[in-house]
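Engineer: Those protein sequences? They're chains U and G, same order as listed. Per the working numbering: the first sequence = residues 1 to 408. Per the working numbering: the second sequence = residues 1 to 408. The beta carbon of each residue, even a glycine, is placed where N, CA and C say it ideally should be. Computed from a predicted model, the values in this text were never measured in an experiment. Let me begin by handing over the structure; questions about it come next.
There are 2 protein chains.
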Amino acid sequence: MNLDTLYSELTLKTQAKLALVVLDGLGDVATNAQNRMTPLEAARTPNLDALVAAGCAQGRMIPVAPGITPGSGPGHLALFGYDPLEYQVGRGVIEALGLGVELQAGDVAARANFCTLDERGIVTDRRAGRIDTAVCERLCARLRERVTRVGDAEVIIQAGKGHRFVVVFRGKGLEGPLTDADPHREGLPIPAAKPVSAKSARQKKTAELVAEFYRQALPVLAGESPANGFLMRGIAHQPAIPQFIERYQLRAACLAVYPMYKGLAQLVGMTKLEGPQTIAEQFERYLAEYERFDFFFIHYKYPDMHGEDGNFEAKRRAIEEFDAALPILLRKKPDVLAITGDHSTPCAVRGHSWHPQPVLLHSPYTGTDKLERFTETGANLGSLGVFEAKYLLRLMQANARMFDKFGA
Amino acid sequence: MNLDTLYSELTLKTQAKLALVVLDGLGDVATNAQNRMTPLEAARTPNLDALVAAGCAQGRMIPVAPGITPGSGPGHLALFGYDPLEYQVGRGVIEALGLGVELQAGDVAARANFCTLDERGIVTDRRAGRIDTAVCERLCARLRERVTRVGDAEVIIQAGKGHRFVVVFRGKGLEGPLTDADPHREGLPIPAAKPVSAKSARQKKTAELVAEFYRQALPVLAGESPANGFLMRGIAHQPAIPQFIERYQLRAACLAVYPMYKGLAQLVGMTKLEGPQTIAEQFERYLAEYERFDFFFIHYKYPDMHGEDGNFEAKRRAIEEFDAALPILLRKKPDVLAITGDHSTPCAVRGHSWHPQPVLLHSPYTGTDKLERFTETGANLGSLGVFEAKYLLRLMQANARMFDKFGA
Numbered sequence: 001m002n003l004d005t006l007y008s009e010l011t012l013k014t015q016a017k018l019a020l021v022v023l024d025g026l027g028d029v030a031t032n033a034q035n036r037m038t039p040l041e042a043a044r045t046p047n048l049d050a051l052v053a054a055g056c057a058q059g060r061m062i063p064v065a066p067g068i069t070p071g072s073g074p075g076h077l078a079l080f081g082y083d084p085l086e087y088q089v090g091r092g093v094i095e096a097l098g099l100g101v102e103l104q105a106g107d108v109a110a111r112a113n114f115c116t117l118d119e120r121g122i123v124t125d126r127r128a129g130r131i132d133t134a135v136c137e138r139l140c141a142r143l144r145e146r147v148t149r150v151g152d153a154e155v156i157i158q159a160g161k162g163h164r165f166v167v168v169f170r171g172k173g174l175e176g177p178l179t180d181a182d183p184h185r186e187g188l189p190i191p192a193a194k195p196v197s198a199k200s201a202r203q204k205k206t207a208e209l210v211a212e213f214y215r216q217a218l219p220v221l222a223g224e225s226p227a228n229g230f231l232m233r234g235i236a237h238q239p240a241i242p243q244f245i246e247r248y249q250l251r252a253a254c255l256a257v258y259p260m261y262k263g264l265a266q267l268v269g270m271t272k273l274e275g276p277q278t279i280a281e282q283f284e285r286y287l288a289e290y291e292r293f294d295f296f297f298i299h300y301k302y303p304d305m306h307g308e309d310g311n312f313e314a315k316r317r318a319i320e321e322f323d324a325a326l327p328i329l330l331r332k333k334p335d336v337l338a339i340t341g342d343h344s345t346p347c348a349v350r351g352h353s354w355h356p357q358p359v360l361l362h363s364p365y366t367g368t369d370k371l372e373r374f375t376e377t378g379a380n381l382g383s384l385g386v387f388e389a390k391y392l393l394r395l396m397q398a399n400a401r402m403f404d405k406f407g408a
Numbered sequence: 001m002n003l004d005t006l007y008s009e010l011t012l013k014t015q016a017k018l019a020l021v022v023l024d025g026l027g028d029v030a031t032n033a034q035n036r037m038t039p040l041e042a043a044r045t046p047n048l049d050a051l052v053a054a055g056c057a058q059g060r061m062i063p064v065a066p067g068i069t070p071g072s073g074p075g076h077l078a079l080f081g082y083d084p085l086e087y088q089v090g091r092g093v094i095e096a097l098g099l100g101v102e103l104q105a106g107d108v109a110a111r112a113n114f115c116t117l118d119e120r121g122i123v124t125d126r127r128a129g130r131i132d133t134a135v136c137e138r139l140c141a142r143l144r145e146r147v148t149r150v151g152d153a154e155v156i157i158q159a160g161k162g163h164r165f166v167v168v169f170r171g172k173g174l175e176g177p178l179t180d181a182d183p184h185r186e187g188l189p190i191p192a193a194k195p196v197s198a199k200s201a202r203q204k205k206t207a208e209l210v211a212e213f214y215r216q217a218l219p220v221l222a223g224e225s226p227a228n229g230f231l232m233r234g235i236a237h238q239p240a241i242p243q244f245i246e247r248y249q250l251r252a253a254c255l256a257v258y259p260m261y262k263g264l265a266q267l268v269g270m271t272k273l274e275g276p277q278t279i280a281e282q283f284e285r286y287l288a289e290y291e292r293f294d295f296f297f298i299h300y301k302y303p304d305m306h307g308e309d310g311n312f313e314a315k316r317r318a319i320e321e322f323d324a325a326l327p328i329l330l331r332k333k334p335d336v337l338a339i340t341g342d343h344s345t346p347c348a349v350r351g352h353s354w355h356p357q358p359v360l361l362h363s364p365y366t367g368t369d370k371l372e373r374f375t376e377t378g379a380n381l382g383s384l385g386v387f388e389a390k391y392l393l394r395l396m397q398a399n400a401r402m403f404d405k406f407g408a
């Protein structure tokens with residue numbers, strides 16, 4: 001029996017409130033160079049400590065599979081309870097979400113970037129001399145003005161940083177993935193984007209739209225230098241993902257600051273609550289919206305950002321800033337509270353990693369693991385053990401008493 | 001999505017050096033009769049302790065599945081990163097490898113043993129009175145001399161201990177498994193070996209070759225007593241196993257003393273480095289070959305051997321001997337070092353067991369679990385948790401930074 005089906009069949013409607021607080025990139029490793037401490041271990045966290053004393057279960061979560069380092073997409077899909085191998089979101093879609101494009105089911109999105117072509121159409125610089133963002137925005141504005149439709153599909157163009165932008169095709173019967181319209185090195189012409197599956201009529205139609213887009217858009221850039229062409233990669237459609245409300249019987253809200261996380265939440269049908277910029281403001285908004293939703297996804301970016309820089313002290317301070325704001329959330333304590341990361345971003349790695357992230361779960365039913373703090377080393381000893389991140393939401397549901405008994 | 005496919009797609013070529021040191025049968029249980037200590041816990045291991053202080057991740061590995069006791073074949077295949085349930089190696093093949101036969105892909109191998117037949121061909125003693133090894137060797141030499149080919153296949157015969165030997169058929173279009181040419185009790189004639197799958201033309205051909213082998217070989221033994229017949233079991237072909245270099249992008253070398261481990265390494269395409277007899281010599285050879293290979297499998301037999309005898313003190317001393325040699329390996333520290341067993345061989349069991357074996361992983365990215373030693377009890381608290389042994393190689397690859405990020 002499919003496990004998702006079982007969970008679904010056992011799901012009960014309750015009045016419980018659940019909150020998932022994601023400290024992006026929280027997990028770390030305790031190296032000797034760091035005094036055998038992680039930022040979480042080094043941080044002063046009196047409010048987390050009090051929560052642990054009140055009774056929490058701890059453990060560590062494998063984001064995707066042993067040794068696999070996830071991007072933000074798979075990392076968050078797992079936290080939202082979806083198998084990140086079953087529900088894969090193409091790079092174009094992630095990029096569009098990251099730039100704040102409001103994708104709809106069936107949209108096909110591509111990562112694009114300006115390039116330089118010679119008079120024969122050969123790519124001479126795949127990044128068009130890394131033009132400034134301002135130039136990219138001007139060129140995107142012109143493309144947006146001149147190319148609004150291809151065939152029966154709407155075209156959405158959104159500038160990114162430097163030479164990067166995204167193109168979204170919105171219409172009926174579209175589907176990815178397509179091969180890249182990118183030779184992946186200089187000295188070659190731009191290849192046509194082709195269907196990955198020869199049998200898919202939808203991919204074929206989408207490939208024709210991409211070709212038509214090139215026919216319309218390249219002349220618009222003809223007089224430009226150095227950005228007189230563009231490449232398209234990761235051409236994919238927004239996958240059909242079961243929506244949060246049907247899957248979990250939970251009205252879900254997203255409190256995130258950065259577009260990508262809002263976009264990922266939107267993919268699974270969460271309502272985006274815009275406005276708050278600091279973690280304290282996010283928690284205040286949670287209080288204000290408490291009655292309107294059953295599930296709150298609260299995203300805090302900074303531990304990841306500082307981990308990427310290898311900045312131990314800044315990561316530690318970001319965790320302390322979160323801890324200082326935590327009492328706001330606890331003014332209306334959710335019935336089930338999970339605090340974790342979407343993956344580890346160890347300072348020693350200076351990037352996302354495969355190390356299982358620590359997780360803390362608090363409800364009237366977690367009991368205590370008799371640990372004094374929430375840390376990576378403590379989490380190794382916790383009652384949750386090491387488990388796949390996609391099960392966290394199921395454990396939250398269980399602690400919310402949302403599951404009927406299985407069998408008599 | 002198949003996980004092996006994912007790992008393969010994410011694999012990057014790097015310059016990293018990886019070493020897997022297998023202390024065969026390392027795992028044990030701490031019984032009260034043993035003063036609540038395992039041999040690993042009782043051993044004096046200053047060099048392992050220093051390695052742990054330098055920063056290691058620990059955990060325990062399930063060799064195949066909970067409660068399953070593996071033989072050396074599945075135990076090692078899992079350590080080599082292959083699912084031991086997906087890649088099964090027949091007993092005939094394992095036996096041939098153990099006797100040092102250089103198997104080739106497609107060879108069919110059978111465990112054989114001499115037996116006694118009466119004048120009507122009825123098996124009266126399935127082990128021919130457990131003849132001496134010297135008798136077995138003489139009879140095998142005679143068979144080897146008189147029966148060199150059956151049909152279009154070459155026959156290879158290798159004596160084992162006591163009444164045991166192996167027969168290998170090398171030719172085109174052969175395949176196992178076949179049913180046993182063994183009545184499994186006295187009082188019956190030797191049954192013909194038959195195809196397990198009625199549809200397999202290759203199994204049918206192989207069964208005909210086995211029958212032909214009996215027709216040629218039985219007359220050679222006709223005058224012997226008590227060993228005037230033989231039985232054949234576990235008739236299987238060497239399976240097609242993805243080779244190490246393609247699967248992991250690693251040039252792999254095997255430093256093992258006993259034939260079976262060399263044979264298992266050869267199955268997955270490792271290069272056998274012959275010569276060294278002691279663990280110190282094996283480590284010296286590792287130093288000498290450091291540049292030529294990316295992955296070193298170093299096998300140390302004695303903890304298992306003494307565990308089989310229930311000899312706690314000897315097992316402890318074997319671990320101490322390994323520890324004393326460890327500094328040689330560390331003269332050129334690999335980027336990723338794993339030290340573990342292929343399974344547990346607890347003194348209290350006097351044989352292989354199902355108990356998860358402890359594992360230690362050391363790299364610049366493991367950090368420390370803040371444990372003081374590498375022990376079974378300590379490993380229970382480690383950051384790697386309890387996981388399936390087939391993932392160890394994937395964790396080694398991750399620590400070698402051999403995996404690209406999954407998803408954006």
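Quick check on this structure: which residue in G:169, G:326, G:271, G:177 has the alpha carbon closest to the alpha carbon of residue 281 of chain G?
Structural biologist: Nearest of G:169, G:326, G:271, G:177 to residue 281 of chain G, Cα basis: G:326.
Engineer: Tell me the residue span of the beta strand (DSSP E) that contains residue 232 of chain G.
Structural biologist: Residues 229-237.
Engineer: Please say whether residue 51 of chain U and residue 319 of chain U have beta carbons closer to each other than 8 Å?
Structural biologist: No, the Cβ-Cβ distance between residue 319 of chain U and residue 51 of chain U is not below 8 Å.
Engineer: Nearest by alpha-carbon distance to residue 321 of chain U: which of U:158, U:335, U:301, U:309 is it?
Structural biologist: Of U:158, U:335, U:301, U:309, the residue nearest in Cα terms is U:301.
Engineer: When the distance is taken between beta carbons, is residue 404 of chain G closer than 8 Å to residue 103 of chain G?
Structural biologist: The answer is no: Cβ separation not under 8 Å.
Engineer: Out of curiosity, what's the CA-to-CA distance linking residue 25 of chain U and residue 8 of chain U?
Structural biologist: So the alpha carbons of these two residues sit roughly 30 Å apart.
Engineer: Is it a yes or a no for the stretch 364-371 of chain U touching the stretch 34-50 of chain U, going by three-plus beta-carbon pairs under 8 Å?
Structural biologist: Segments in contact, no.
Engineer: Residues of chain G with a CB under 8 Å from the CB of residue 85 of chain U: which are they?
Structural biologist: Result: 1, 3, 6.
Engineer: Would residue 203 of chain U and residue 175 of chain U be called neighbours here (beta carbons separated by less than 8 Å)?
Structural biologist: It is a contact, given that the beta carbons lie within the stated cut-off.
Engineer: Just to confirm the assignment, what range does the alpha helix (DSSP H) spanning residue 266 of chain G have?
Structural biologist: Here the alpha helix (DSSP H) through residue 266 of chain G covers 259-267.
Engineer: Given a threshold of 16 other Cβ atoms within 10 Å of its Cβ, counted over all protein chains shown, does residue 231 of chain G qualify as buried or as exposed?
Structural biologist: Buried: at least 16 other Cβ atoms inside 10 Å.
Engineer: Given residue 340 of chain G, which residues of its chain have a CB within under 6 Å of its CB, disregarding the five upstream and five downstream residues?
Structural biologist: Same-chain partners within the cutoff: 357, 359.
Engineer: Which complete alpha helix (DSSP H) runs does the stretch 312-360 of chain G hold, if anything under 4 residues is left out?
Structural biologist: Listed in chain order, the complete alpha helix (DSSP H) runs (minimum 4 residues) inside the stretch 312-360 of chain G are 312-330.
Engineer: Which class does residue 170 of chain G belong to by DSSP, given the choice of helix, strand or coil?
Structural biologist: Three-state result, residue 170 of chain G: strand.
Engineer: Excluding five sequence neighbours on each side, which residues of the same chain lie with their C-beta closer than 8 Å to the C-beta of residue 35 of chain G?
Structural biologist: So the list reads 42, once near-sequence residues are dropped.
Engineer: Using the beta-carbon of each residue, which ones in chain U are nearer than 7 Å to residue 394 of chain G?
Structural biologist: In chain order: 66, 67.
Engineer: Taking Cβ-Cβ distances shorter than 7 Å, what residues in chain C pair up with residue 168 of chain U?
Structural biologist: Looking for chain C here will not work: the only protein chains present are U and G.
Engineer: Compare the Cα-Cα distances from residue 67 of chain U to each of G:399, G:408, G:407 and report the closest residue.
Structural biologist: Out of G:399, G:408, G:407, G:399 has the C-alpha closest to the C-alpha of residue 67 of chain U.
Engineer: In chain U, which residues lie less than 7 Å from residue 397 of chain G when you measure between Cβ atoms?
Structural biologist: What residue 397 of chain G touches in chain U: 67.
Engineer: What residues of chain U sit near residue 378 of chain G, judged by a beta carbon separation below 7 Å?
Structural biologist: Within chain U, no residue comes near residue 378 of chain G; the closest Cβ sits about 11 Å away, beyond 7 Å.
Engineer: Check whether chain U comes within 8 Å of residue 206 of chain G, counting only Cβ atoms and requiring the distance to be less than that.
Structural biologist: Chain U, which has no Cβ nearer than 8 Å to the Cβ of residue 206 of chain G, makes this no.
Engineer: Scan the stretch 101-154 of chain G and note each continuous alpha helix (DSSP H) run of 4 residues or more that stays entirely inside, going in chain order.
Structural biologist: Within the stretch 101-154 of chain G, the complete alpha helix (DSSP H) runs of at least 4 residues are 133-146.
Engineer: List the endpoints of the continuous beta strand (DSSP E) containing residue 385 of chain G.
Structural biologist: Note, residue 385 of chain G: beta strand (DSSP E), 385-388.
Engineer: Under a CB-based cut-off of 8 Å, is residue 363 of chain G close to chain U?
Structural biologist: Not an interface residue.
Engineer: Could you pull out every residue in the same chain whose Cβ sits closer than 7 Å to the Cβ of residue 130 of chain U, ignoring the five residues on either side in sequence?
Structural biologist: Closer than 7 Å at the Cβ level, and outside the excluded window around residue 130 of chain U, lie 162, 163.
Engineer: Quick check on residue 195 of chain U: does DSSP put it in helix, strand or coil?
Structural biologist: If DSSP states are grouped into helix, strand and coil, residue 195 of chain U belongs with the strands.
Engineer: So, using beta-carbon positions, are residue 287 of chain U and residue 220 of chain U closer together than 8 Å?
Structural biologist: Not in contact: residue 287 of chain U and residue 220 of chain U (Cβ atoms no closer than 8 Å).
Engineer: For residue 253 of chain G and residue 289 of chain G, which I take to be in contact (beta-carbon distance under 8 Å), what is that distance rounded to the nearest angstrom?
Structural biologist: Contact holds; Cβ gap of about 6 Å.
Engineer: Let's test the definition: count the other Cβ atoms within 10 Å of the Cβ of residue 344 of chain U and tell me whether it reaches 16, buried, or not, exposed.
Structural biologist: Classification of residue 344 of chain U: buried, given that the 10 Å Cβ count is 16 or more.
Engineer: What does residue 238 of chain U touch in chain G if you count any residue whose Cβ is under 8 Å from its own?
Structural biologist: Simply none; closest approach about 14 Å.
Engineer: Am I right that residue 261 of chain G and residue 299 of chain G are in contact with their C-beta atoms under 8 Å? What's the rounded C-beta distance?
Structural biologist: Correct: roughly 4 Å between the Cβ atoms.
Engineer: The ligand SAM and residue 361 of chain G: does the residue's C-beta get closer than 7 Å to at least one heavy atom of that ligand?
Structural biologist: This structure does not include the ligand SAM; it has no bound ligands of any sort.
Engineer: Residue 239 of chain G and residue 123 of chain G: beta carbons closer than 8 Å?
Structural biologist: Not a contact, by the Cβ cut-off of 8 Å.
Engineer: Evaluate residue 32 of chain U with the Cβ neighbour count: other Cβ atoms within 10 Å of its Cβ, from every protein chain shown; 16 or more gives buried, anything less gives exposed.
Structural biologist: Flag for residue 32 of chain U reads exposed.
Engineer: Grab me the residues of residue 245 of chain U's own chain with a C-beta within less than 8 Å of its C-beta, minus the 5 sequence neighbours each way, in chain order.
Structural biologist: Closer than 8 Å at the Cβ level, and outside the excluded window around residue 245 of chain U, lie 251, 252, 269.
Engineer: Measure the Cβ-Cβ separation of residue 228 of chain U and residue 222 of chain U and say whether it is below 8 Å.
Structural biologist: Result yes, Cβ atoms of residue 228 of chain U and residue 222 of chain U sit closer than 8 Å.
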